[in-house]
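Following: one structure in structure tokens, then a few remarks.
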Amino acid sequence: MDSYVPGALVTGHRSLISGIVGLPDVDDRHVVAAAIVAQAEAIVTFNLKDFPKIALKAYNLHAIHPDKFISELADLHISTVLDAARAHRASLKNPLFSTDDYLDCLLRQQLPETVSRLRPLVNSI
């Protein structure tokens, strides 16, 4: 991840893990601890049920599904989302993905709103 997203690695969160309470799965406490240290506003996850609103509210966090997150990013800055989609598609080399295959792959990854926003811009991906 470091080579693709420099600075994304969060350290210094381990001491907070034991103090995180209210999560259905205690094995997810490190995610909240890392979000606190990173001063994040949200945890982007497909696993929303393990990050309930009431538990995250105590840490001034919320959980958001990746599809909603990407869609909100697209509302703010579609060119950045298109650049990321184009770079991601280009990185998939085995096999190579046509734009339609790429969008179908995103659908299989539970990103229907993202696909609905990208499909009209397929020539830009």
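With the UniProt record's numbering, the residue at position 12 of the sequence shown is 12, and numbering never jumps.
A virtual CB, placed ideally from N, CA and C, is assigned to each residue, including glycine.
Treat the numbers as computed from the prediction; the structure is a model and nothing was measured.
By DSSP, does residue i sit in helix, in strand, or in coil?
{"i": "L16", "result": "helix"}
{"i": "A34", "result": "helix"}
{"i": "L92", "result": "coil"}
{"i": "A42", "result": "strand"}
{"i": "P52", "result": "coil"}
{"i": "S3", "result": "coil"}
{"i": "V115", "result": "helix"}
Given that a residue counts as buried once 16 or more other Cβ atoms are within 10 Å of its Cβ, and exposed if not, what is residue i?
{"i": "Y4", "result": "exposed"}
{"i": "V21", "result": "exposed"}
{"i": "A8", "result": "exposed"}
{"i": "L103", "result": "buried"}
{"i": "L61", "result": "buried"}
{"i": "A85", "result": "buried"}
For the alpha helix (DSSP H) containing residue i, name the first residue and the last one.
{"i": "H62", "result": "Not the alpha helix (DSSP H): H62 falls in the beta strand (DSSP E), residues 62 to 64."}
{"i": "D100", "result": "99 to 108"}
Pop quiz: residue i and residue j are said to be a contact at Cβ under 8 Å. What is the actual Cβ separation, rounded to whole angstroms?
{"i": "V10", "j": "V37", "result": "6 Å"}
- Taking three-plus beta-carbon pairs below 8 Å as touching, is the region 41 to 56 in contact with the region 7 to 15? no
- For the region 66 to 84 against the region 107 to 121, are there 3 or more C-beta pairs whose distance is under 8 Å? yes
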